[in-house]
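**Q**
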Amino acid sequence: MDAREMLEKIAAVVDQANVNVVFGAPQTSGEVTVIPYAAVSCGFGLGSGTSSAGDEACSCAGEESCCGKEGEPCPCAESSASEGAGGGAGLRVRPLGYIEIGPMGTTVKPIVDHERIALAGILLGAWGLAWIGLVLKSIFGRR
Numbered sequence: 063m064d065a066r067e068m069l070e071k072i073a074a075v076v077d078q079a080n081v082n083v084v085f086g087a088p089q090t091s092g093e094v095t096v097i098p099y100a101a102v103s104c105g106f107g108l109g110s111g112t113s114s115a116g117d118e119a120c121s122c123a124g125e126e127s128c129c130g131k132e133g134e135p136c137p138c139a140e141s142s143a144s145e146g147a148g149g150g151a152g153l154r155v156r157p158l159g160y161i162e163i164g165p166m167g168t169t170v171k172p173i174v175d176h177e178r179i180a181l182a183g184i185l186l187g188a189w190g191l192a193w194i195g196l197v198l199k200s201i202f203g204r205r
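Sequential numbering of the sequence shown, starting at 63, is according to the numbering used here.
1. On the DSSP letters alone, give me the boundaries of the alpha helix (DSSP H) that V170 sits inside.
2. Are the beta-carbon atoms of A147 and S110 separated by less than 8 Å?
3. Are the beta-carbon atoms of C104 and L153 separated by less than 8 Å?
4. In the structure shown, what three-state DSSP assignment does A74 receive?
5. Should K171 and E162 be called a contact, given that it needs their Cβ atoms to be closer than 8 Å?
6. Could you please give the first and the last residue of the uninterrupted alpha helix (DSSP H) stretch that includes F202?
7. Tell me whether the beta-carbon of M68 lies closer than 8 Å to the beta-carbon of G187.
8. State yes or no: is the C-beta of P165 within less than 8 Å of the C-beta of E93?
9. Express the C-alpha separation of E145 and T112 in angstroms, rounding to a whole number.
10. My output table needs one value for D117: the three-state DSSP class, helix, strand or coil.
11. Please report how far the alpha carbon of G107 lies from the alpha carbon of R66, in whole angstroms.
12. Taking the straight line between their C-alpha atoms, what separation do you get for T168 and A100?
13. Out of L185, Y160 and F202, state which residue places its alpha-carbon closest to the alpha-carbon of V174.
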């Protein structure tokens with residue numbers, strides 16, 4: 063697959079990005095309608111390159127009847143040049159909340175990730191303990 067084909071595939075994905083990706087289909091139960099919404103992010107990358115690892119090697123070198131002329135590359139020489147290409151893509155969809163429409167009005171209700179909040183608290187506590195340890199070491203370590 064060459065770079066042009068990769069770019070065409072990326073363009074096809076980008077063309078599909080629309081409001082239906084962020085807002086889900088409305089769900090109705092009785093007099094209440096719920097519309098979920100999410101954050102969508104994506105990233106793409108691709109690259110290609112070529113390199114030459116050195117001189118070309120002639121398979122008939124040293125023989126009396128070499129197929130090449132002096133000063134010109136041998137036609138049976140094996141090239142050590144290489145080339146490569148690669149690409150990747152990532153897509154992340156994270157639910158943020160839902161919109162509730164009912165007889166009492168319209169409300170936006172967030173979806174809270176309690177595990178993420180707990181992890182942030184644990185990391186903050188560890189960071190604080192590390193700083194306390196460094197301060198105590200600098201105070202009491204000088205004696």
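All C-beta atoms in this analysis are idealised placements derived from N, C-alpha and C, irrespective of residue type, glycine included.
**A** If we stick to the structure as given:
1. Looking at the DSSP string, V170 is not in any alpha helix (DSSP H); the run it does join, the beta strand (DSSP E), is G167 to P172.
2. It is a contact, given that the beta carbons lie within the stated cut-off.
3. Going by beta carbons, C104 and L153 fall inside the 8 Å limit.
4. DSSP, reduced to helix, strand and coil, places A74 within a helical segment of the structure shown.
5. Taking 8 Å as the Cβ cut-off, K171 and E162 qualify as a contacting pair.
6. That run of the alpha helix (DSSP H) goes H176 to F202.
7. Cβ distance not < 8 Å, so M68 and G187 don't count as in contact.
8. Inclusion of P165 and E93 in the CB contact set at 8 Å is warranted, their separation being smaller than that value.
9. Whole-angstrom Cα-Cα distance: 4 Å.
10. Here D117 scores only 49 on pLDDT, less than 50, and its place in the model is too uncertain to base an answer on.
11. Taking the straight line from one Cα to the other gives about 13 Å.
12. Rounded to the nearest angstrom, the two C-alpha atoms are 18 Å apart.
13. Among L185, Y160 and F202, the Cα nearest to that of V174 is on Y160.
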